[in-house]
Amino acid sequence: MWGACRKLRNFANMFSLNLRGRLVEFEHPAVMAIINATPDSFYSGGRNATLRDVENALAEGADILDIGAYSTRSGAADVDVENEWTRLREVLTAVRKLNTEIPVSVDTFRAEIARRALAEGADMVNDISGGTMDPNMLDVVAESGVPYVVMHMRGTPETMQSLIDYADEGGVVTAVINRLASSVAQLESMGIKDVIVDPGFGFAKTVDQNYELLKNLPLIASAVKRPLLAGLSRKSMFYKPLGLTPDDVLPATCAANLLALQGGASILRVHDVGAARQVIQVYNQL
940 MWGACRKLRN
950 FANMFSLNLR
960 GRLVEFEHPA
970 VMAIINATPD
980 SFYSGGRNAT
990 LRDVENALAE
1000 GADILDIGAY
1010 STRSGAADVD
1020 VENEWTRLRE
1030 VLTAVRKLNT
1040 EIPVSVDTFR
1050 AEIARRALAE
1060 GADMVNDISG
1070 GTMDPNMLDV
1080 VAESGVPYVV
1090 MHMRGTPETM
1100 QSLIDYADEG
1110 GVVTAVINRL
1120 ASSVAQLESM
1130 GIKDVIVDPG
1140 FGFAKTVDQN
1150 YELLKNLPLI
1160 ASAVKRPLLA
1170 GLSRKSMFYK
1180 PLGLTPDDVL
1190 PATCAANLLA
1200 LQGGASILRV
1210 HDVGAARQVI
1220 QVYNQL
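Going by my numbering, the letters in the sequence shown line up with residues 940 to 1225, in that order.
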């Protein structure tokens, strides 16, 4: 019985991506490295990404690079389309000169940025808004035939922390499941087959709600039945209750990442690739 359960859990972490006709299979949980081409990320170690940062991520075992050029932390300054593209294109071009095979995700809620990035060599789209902040985003993804990460969030980065009451939706876990399930159905109806779901830790969630989601990841994974991405790296759900800063909470992040893997996560989105790789190795030993 235990052997059967173990095989089932390991299978839940496995997934594959169709990257423009190239099938990439992940037989273990994947590490998605955060590559921020922004000067104002909430974490000081994740700002103004350079080629050296990319080289380090690859050397430490990143499976996917997630390049973003618009900070979505609460209160971050707005960045117009051209500035976002200038920042992102520089890093994307450098990545593709360095490595033509590594799967590259573009972290944006703007359809125009996604369209340009996909034309310049990106393989997939990671959209914090799940298509709600730009009505053209889903059409771009459908036309390109690329994988899509759909995240749960309410409002915008500027308003999200005022939208944390989920009582009318049966609580935060039920609300996240229902929204993600609805999004998956919509995406499938548009012909978007490779869908990854992200419960949106820290986005329109209180600290307690984040932990409720983490505790109930098995329920979310079971309900949505799509590869699950956990973006927990150095977030306020750790440093606020501990009275620390984002720089100080790598140990807490590692602990939460192990719990996320046990809850069925297939992808860990992190600033610290080597540490996440160690967490995955420990999980695999279990």
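Ideal placement from N, C-alpha and C gives every residue a C-beta, glycine not left out.
Cα-Cα separation between residue 1060 and residue 1036, rounded to whole angstroms: 10 Å
Compare the Cα-Cα distances from residue 990 to each of 958, 960, 1186, 1027 and report the closest residue. 1027
Among 1010, 1070, 1085, 1055, which one has its Cα closest to the Cα of residue 963? 1085
With a Cβ-Cβ cutoff of 8 Å, do residue 1139 and residue 1174 count as a contact? no
Buried/exposed call for residue 1225, threshold 16 Cβ in 10 Å: exposed
Measure the alpha-carbon distance for residue 1220 versus residue 1211 and round it to whole angstroms. 15 Å
Tell whether a beta-carbon distance below 8 Å holds between residue 1159 and residue 1131. no
Does the stretch 994-1012 come within contact of the stretch 966-976, defined as at least 3 CB pairs closer than 8 Å? yes
Considering only residues of the stretch 1063-1145, which uninterrupted beta strand (DSSP E) runs meet the minimum length of 3 residues and lie entirely inside it, listed in chain order? 1063-1066, 1087-1090, 1134-1137
Give the range of the beta strand (DSSP E) segment to which residue 1167 is assigned. Residue 1167 -> no beta strand (DSSP E), and no H or E assigned at all.
Can you tell me where the alpha helix (DSSP H) with residue 990 in it begins and where it stops? 990-998
Using DSSP with H/G/I as helix, E/B as strand and the rest coil, what is residue 961? strand
Own chain residues within Cβ distance below 8 Å of residue 1217, not counting five before or after: 1193
Please report the Cβ distance between residue 1112 and residue 1152, rounded to the nearest whole angstrom; I am assuming they are in contact, meaning their Cβ atoms lie under 8 Å. 6 Å
Is residue 1047 near residue 1105, with beta carbons less than 8 Å apart? no
Please report how far the alpha carbon of residue 1064 lies from the alpha carbon of residue 1181, in whole angstroms. 33 Å
Our contact map puts residue 1029 next to residue 976 with C-beta atoms below 8 Å; I'd like the distance itself, whole angstroms only. 7 Å
Residue 971: first and last residue of the uninterrupted beta strand (DSSP E) it sits in: 969-975
What is the DSSP secondary structure of residue 954, counted as helix, strand or coil? strand
Straight-line gap, residue 1018 to residue 1185 (C-alpha atoms, nearest Å): 23 Å
Who are the near neighbours of residue 1209 in its chain, counting only those whose CB is closer than 6 Å to its CB and skipping five residues on each side? 1172, 1215
Applying the criterion that 16 or more other CB atoms from any shown protein chain within 10 Å of the CB defines a buried residue, is residue 1069 buried or exposed? buried
Among 1157, 1123, 1179, which one has its Cα closest to the Cα of residue 1146? 1179
Please name the residue in 1092, 1188, 1058, 1062 whose C-alpha comes closest to that of residue 958. 1062
Consult DSSP for residue 1200 and reduce its assignment to one of helix, strand or coil. helix
Have a look at 966, 1031, 954, 1025 and flag the residue whose alpha-carbon is nearest the alpha-carbon of residue 992. 1031
Helix, strand or coil for residue 1225 per DSSP? coil
Can you tell me whether residue 981 is helix, strand or coil according to DSSP? Any answer about residue 981 is weak, because its pLDDT of 44 lies below 50 and its placement is not dependable; what the coordinates show is given next. Looking at residue 981 - three-state DSSP - the assignment turns out to be coil, as it is neither helix nor strand.
From the DSSP output, which residues share a beta bridge with residue 1206? 969, 1168
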